[in-house]
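Here is the structure we will look at.
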Amino acid sequence: MNIVFLDGASLPSALPRPAQASAWTARETTRPDQVLEALADADVAITNKVRIDRATLAQLPRLQLICVAATGYDCVDIAACRDQGVTVCNVPAYSAVSVAESVIGALFALRRHLLAYRAASASRWPQSSHFCVHGAPIQDLQGSTLGIVGRGDIGSRVARLAKALDITVLFAEHRGAPQVRAGYTSFEEVLARADALTLHCPLTAHTRYLIGAAEIARMKPGALLINTARGALVDENAVLDGLASGRLGGAALDVLHVEPPQADHPLLHCEHPNLLVTPHVAWASQSSVARLKAVLAANIEAFAAHRPTNVVT
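Have a look at this one:
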């Protein structure tokens, strides 16, 4: 099979050539206007975040399989793939440990104001008249309440880690749901009660801008917002306003609406002492990357053997 990886440099280390590849191209990156040319002779496409849409698929009659090098597959037009008979496979749950640990790490950083105290160690500590420097009140995680939006592999693992720290966990029901399922709490109540809210749901038409100005206004004053899922789940301007007003006590954002962002993106230049922005790496622990590569290879092998696995269409 002719296999093309559209954005191979999105992984921290190279994906080995699949055993089934008669031809193998690992492109560092592929612009939208290059996708058609890159996949013209491909039987299999591997994509992490490069979008493959209906118009492109219609011009790729040879394409049989799209392997998404991620769990989320919103970069692929699933309906178009179904119509054209193209199989789509993803890599479920590979990064659950990495992302969940990132969330707990962010909770520690934000509740304990580690960024601000790191800055204070250089700017204020040398001139201090005491052995310590006090600033923003330090809060324990124990006894706090964590709201989780999404109860898949990642959200469930976050919950287990949080409970081990004596954090109360609330799983949020869908926004606007007429009934609240057993084991869930209404979306509005979670906003009102949570000391921190973490997002682990897919990006859909229903969840786009799930957290905006209205939702932040309903959150507990000083609550924290953590997003390691998709940038468009939150209104970034509302986050900036919430931080500026103090309604949000802090935020940890591993994803932004447009990635990579423009150099002048306001969140990259916001000087709020409790804002942590990282470049979409919560998933990228070494063990997670190893699992990702193994499952990608297994997906291609299974498809070649006419036993496709991890199919999302």
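Residue numbers for the sequence shown, in numbering that gives the first Met the number 0: 0 to 312.
Yeah, the Cβ is synthetic: ideal placement off N, Cα and C, and Gly gets one too.
Note that the structure is a prediction, hence the values are computed from the model and not measured.
Check	Outcome
For Gly104, three-class secondary structure by DSSP	helix
With 16 other Cβ atoms within 10 Å as the buried cut-off, status of Val254	buried
Residue environment, Cys131, which counts as buried when at least 16 other CB atoms sit within 10 Å	exposed
CB of Gly248 within 8 Å of CB of Asn273, strictly	yes
Nearest-angstrom Cα separation, counted from Ala57 out to Asp165	52 Å
Arg159 versus Asp32: straight-line alpha-carbon distance, rounded	43 Å
Cut-off 6 Å between Cβ atoms - residues of its own chain near Ala92, not counting five sequence neighbours on either side	Asp152
Backbone CA spacing between Ala78 and Thr312 [nearest angstrom]	8 Å
Local conformation of Ile215 per DSSP, three classes	helix
Beta-carbon contacts of Val148 that lie in its chain and below 6 Å, excluding the five residues immediately before and after	Ala171, Leu198 and Cys200
Whole runs of the alpha helix (DSSP H) within the stretch 56-103, excluding any shorter than 4 residues	77-83
Nonlocal neighbours in the same chain, by C-beta distance under 7 Å from Pro11, ignoring five residues either side	Ala283 and Val288
Three-state secondary structure (DSSP) of Phe170	strand
CB contact flag (Val67, Leu5, <8 Å)	no
Own chain partners of Ala191 with C-beta closer than 7 Å, once the 5 adjacent residues on each side are dropped	Arg217 and Lys219
Pairwise C-alpha distance: Ala119 and Ala41	54 Å
Short Cβ contact (8 Å threshold) for Val3 with Ile51	no
Own chain partners of Arg222 with C-beta closer than 7 Å, once the 5 adjacent residues on each side are dropped	Per the sequence shown, residue 222 should be read as Ala rather than Arg. Excluding sequence neighbours, Ala222 sits near Ala193, Asp194, Ala195, Leu196, Leu247 and Gly248.
Residues near Val189 in its chain [Cβ-Cβ closer than 6 Å; skip 5 each side]	Gly146, Leu169 and Ala171
Pair within 8 Å by beta-carbon distance, Val87 and Thr70	no
Arg61 and Asp76 closer than 8 Å at C-beta	no
Selected residue, minimal CA-CA separation from Arg229, among Pro278, Tyr183, Leu38 and Pro265	Pro278
Supposed contact pair Gln63 and Val98 - C-beta distance, whole angstroms, cut 8 Å	31 Å between Cβ atoms; not a contact.
Proximity to Arg94 [Cα-Cα], best of Ala293, Thr308, Asp234 and Asn236	Sequence check: residue 94 is Ser here, not Arg. If we check each option's Cα against that of Ser94, Ala293 comes out closest.
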